[in-house]
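Quick note on this note's numbering: the sequence shown kicks off at 1 and runs consecutively.
Even glycine gets a Cβ: it sits at the ideal position worked out from N, Cα and C.
Just below is one structure, and these are the notes that go with it.
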Amino acid sequence: MDLFSCFANRCSFIFLIIIGCSLTFGEHNEKQCSCGKNLNRQSGNNEQNGFCSLDDSQKCSLSKLEQAPDNSQDEMVLIKSGSYSIGTNEPIFIADGEGPKRTVVLKSFLIDKYEVSNQEFATFVSSTGYKTEAEKFGDSFVFEGLLSEETKADIKEAVAQAPWWLPVKHASWRHPEGPSSNISGRMDHPVVHVSWNDATAYCNWLGKRLPTEAEYEVTCRGGLSDRLFPWGNKLTPNNKHRVNIWQGQFPINNTEEDGYYGTSPVTDFLPNVYGVHNIVGNVWEWTSDWWITKHSDEIQIDPVGPPSGTEKVKKGGSYLCHETYCYRYRCAARSQNTPDSSAGNLGFRCAASI
Ligand SMILES: *[C@@H]1O[C@H](CO)[C@@H](O)[C@H](O)[C@H]1NC(C)=O
Ligand SMILES: *[C@@H]1O[C@H](CO)[C@@H](O)[C@H](O)[C@H]1NC(C)=O
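Structure follows, in structure tokens:
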């Protein structure tokens, strides 16, 4: 609704259409539009305009990928089959579809302990020659506070409702803050600027898949009932930071009390009782479900979300989340982007059926 991007072969034009949705700091219900969903690409235009469809080239390149060596389940945890609760009857963002609380019955599944790291993604790319959508489109969204003055000086556009997001030419997983940046000191940080399609390709290469939203949330909750966070209800139990989010005044002053301004290593912060790290905070994570906001409160068996849609569910919140602005580092919280979108705070982990 707010950001229309039209991509031709070499160049991309970004048009901003400013639609109301005024942003006021301090009240949860004012900010429902500004937690990342305004970072969608509008790639549907490509086909109408007769440009080649990225989706098609994606499918072609996918079919050529060879399977990875089969040692990839070492860093996964088993979540046992059973009946679990997801959602909440005390939603913070009602319009996001955080409620109602409902029962899901899941088969046993495996899920990665960690977010997929730059190192792991680099192995995938060097084995397959895979090119991400951000690389094909030629740009991706970066948080303004991470950019050098030189990079910022070249950017004319911003996202109207969230001016701290800037579309950066040639930002990609290898160059998270644009061409002059690199990941050499961050190989153990989560890969970012990966679209849902990229994430799916990576997981499939390993014989895995993205988690469903229900699997993700069950993993997040760590067997606890009606708690906000994977460890309980207190954000910093014993004054210990459990999650990489924003401390200080967003977006101008991150006091970094948790140790980080941007991403942190995927192994950092204490795991929940399932042994899973950073299932909230650090980076948003893609799930396999299409986005809807109305949920039945009936018991669902192995729910996979609606059969079709336009946006995919992402969970967990990111290093940019703060209670006053994007209080979405809770297990019940959720947001969404189109499957070809990417940003510097959006990554993933994989799951597998057994
Ligand atoms: C990567 O970035 C760091 C920090 O900006 C810089 O010191 C280093 O020279 C860069 N490395 C390469 C290979 O470009
Ligand atoms: C950031 O916030 C801290 C804590 O409130 C304060 O001490 C510091 O001066 C602030 N920095 C800036 C640049 O505003």
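| Query | Result |
| --- | --- |
| Grab me the residues of K312's own chain with a C-beta within less than 8 Å of its C-beta, minus the 5 sequence neighbours each way, in chain order. | W196, W286, T287, S288, D289, W290, W291, Q336, N337, T338, P339 |
| What residue ranges within the segment 78-115 form continuous alpha helix (DSSP H) runs of no fewer than 4 residues, ordered along the chain? | none |
| Taking a cut-off of 6 Å, which residues have a beta-carbon closer than that to any heavy atom of ligand 1, in chain order? | N182, S184 |
| So which of T132, P230, D268 has the shortest CA-CA distance to G316? | P230 |
| Check V273 in the structure and name its three-state DSSP category. | coil |
| Excluding sequence positions up to five away, which residues of its chain have a Cβ less than 6 Å from the Cβ of N254? | W246, G248, Y261 |
| When the Cα of D373 is compared with those of L270, S148, K208, which residue comes out closest? | Outside the displayed range of the chain (1 to 354) lies residue 373, so it cannot be described from this structure. |
| How would you label V273, buried or exposed, when you count the other beta carbons within 10 angstroms and need 16 or more for buried? | exposed |
| Looking at chain C, is there any beta carbon in it that lies within less than 7 Å of the beta carbon of N38? | Among the chains of the structure shown, chain C does not appear; only one protein chain is present. |
| Indicate, with yes or no, if ligand 2 has a heavy atom lying under 6 Å from the CB of G145. | no |
| On a CA-only basis, which of E177, W173, F137 is nearest T151? Give me that one, please. | E177 |
| Taking the beta strand (DSSP E) that S353 belongs to, which residues open and close that run? | 351-353 |
| Inspect the beta-carbon positions of N38 and V159 and report whether they are closer than 7 Å. | yes |
| I'd like the ranges of any alpha helix (DSSP H) spanning at least 4 consecutive residues and lying wholly in the segment 212-253. | 213-221 |
| Output yes or no for whether 7 Å exceeds the beta carbon distance between V168 and V142. | yes |
| Rounded to whole angstroms, what's the CA-CA distance from Y202 to F121? Just pull it up for me. | 8 Å |
| Determine the direct distance from the alpha carbon of E133 to that of C52, and round the result to whole angstroms. | With a pLDDT of 29 at C52, under the threshold of 50, the modelled position of this residue cannot be trusted; read the value that follows with caution. Taking the straight line from one Cα to the other gives about 13 Å. |
| Would you decide whether D139 is buried or exposed? Buried here means 16 or more other CB atoms lie within 10 Å of its CB. | buried |
| Consult DSSP for F348 and reduce its assignment to one of helix, strand or coil. | coil |
| What are the boundary residues of the alpha helix (DSSP H) that includes T200? | 196-205 |
| Can you name the start and end residues of the beta strand (DSSP E) that E285 belongs to? | 284-290 |
| Would I354 pass as a contact of L110 if the rule is Cβ separation under 7 Å? | yes |
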